[in-house]
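Undergrad: Residue numbers (full-length UniProt numbering): 1 to 101.
1) Please confirm if the stretch 46 to 63 is in contact with the stretch 27 to 37, defined as three or more CB-CB distances below 8 angstroms between the two stretches.
2) Can you pull the DSSP bridge partners for residue 85?
3) Give me the residue from 2, 21, 16 with the minimum Cα distance to residue 76.
4) Go through its chain and collect everything with a Cβ distance to residue 65's Cβ below 7 angstroms, but skip five positions before and after it.
5) Under the rule that 16 or more other beta-carbon atoms within 10 Å means buried, what is residue 5, buried or exposed?
6) Run the CB neighbour count on residue 44, radius 10 Å, all protein chains shown included, and call it buried at 16 or more, exposed below.
7) Determine, using beta-carbon pairs with one atom in the stretch 40 to 57 and one in the stretch 10 to 27, whether at least three such pairs fall under 8 angstroms.
8) Reducing DSSP to helix, strand and coil, say where residue 66 ends up.
9) Pick helix, strand or coil for residue 17, following the three-state DSSP scheme.
10) Can you tell me which of the three DSSP states residue 56 falls into?
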């Protein structure tokens with residue numbers, strides 16, 4: 001099955017504590033059905049000081065379920081993703097506008 005959301009896509013969060021926030025996907029984990037989005041689902045991790053890094057509370061983006069994310073179209077609204085053939089190539093398109101992603 002082709003991936004509806006890929007690395008680099010601009011997405012909006014549909015559910016959870018970060019509902020309505022927008023960001024860019026930095027990593028997708030299809031085996032876990034999760035993705036990491038910049039600025040969304042931030043958790044504080046406590047790290048010990050080492051010779052190379054300062055210790056303390058470090059914010060870290062945690063994975064969020066793909067079902068809670070929706071792709072943003074060119075108008076900045078959430079849209080579903082469809083697939084169609086253009087010539088001999090399979091492309092993703094936004095269902096709201098019909099534009100190829």
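Virtual Cβ for every residue (Gly too), placed ideally from N, Cα, C.
TA: By the coordinates alone:
1) yes
2) 90
3) 21
4) 33, 34
5) buried
6) exposed
7) yes
8) helix
9) coil
10) strand
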